[in-house]
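One structure is given here, and the rest of the page talks about it.
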Amino acid sequence: MTDCIFCRIAAGEIPAKVVEENDDLVAFHDLSPQAPVHVLIIPKQHLAGANDIGEGEAPLIGRIWARIPRIAEALGVRDTGYRVVTNCGAPAGQSVFHLHFHLLAGRAMGWPPG
Ligand code: DGP
C-alpha cells in the first residue's frame, strides 16, 4: 500500500534503522522509543493488524515469531528479558495500521500494561 508508512519502510522508500531483514519481515528501531531497546518487527506483506491474521497467515506469523528470539539475541536482550506487544485497534493504542510487533527491553516492565 503506497500510503502505508510501514509498507514504505519495507520497500526502502523511507529510511529506518534496520536490525534485520529477510523475505518475510523487517525489524527496525522505533522512532519514538518507549524503552532503551524498542524495535518494531513488521511483515513485508501488508496486514492492517492482528485481526487480519487468519489460518492463511499462520506460516508467515510462525516464521516471524521464530525470528524474534534471534532478533532479541542480536540486540543483546535475549537472556535479560523482553516484552513483545501488538496493539490491535486505536483503543488499544494502535496508531500505524500495518501489523507490527513491538520488542521492548532494557528496563523493568510493569504489569498489567497501561
Ligand atoms: P502503534 O502505536 O502500536 O501502532 O505503534 C506504532 C509505532 O510506530 C510507534 O511506536 C511509533 C512508530 N513509528 C511511527 N512512524 C514511524 C516511522 O516512520 N519510523 C519508525 N522507525 N517508527 C515509526
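Numbering (the numbering used here), first residue to last: 1 to 114. The beta-carbon is built from N, C-alpha and C at its ideal position, and this holds for glycine as well. A quick note: this is a predicted structure, and the numbers were derived from the prediction, not measured.
- For the pair Ala16 and Gly106, the CB atoms are not nearer than the 8 Å cut-off.
- Measuring C-alpha to C-alpha distances from Val37 to each of Val84, Asn22, Glu13 identifies Val84 as the nearest.
- Counting along the chain, the unbroken beta strand (DSSP E) around Leu40 starts and ends at 37-43.
- Relative to the ligand DGP, Phe28 has its C-beta within less than 7 Å of a heavy atom.
- Taken atom to atom, the span from the alpha-carbon of Gly56 to that of Gly62 is near 11 Å.
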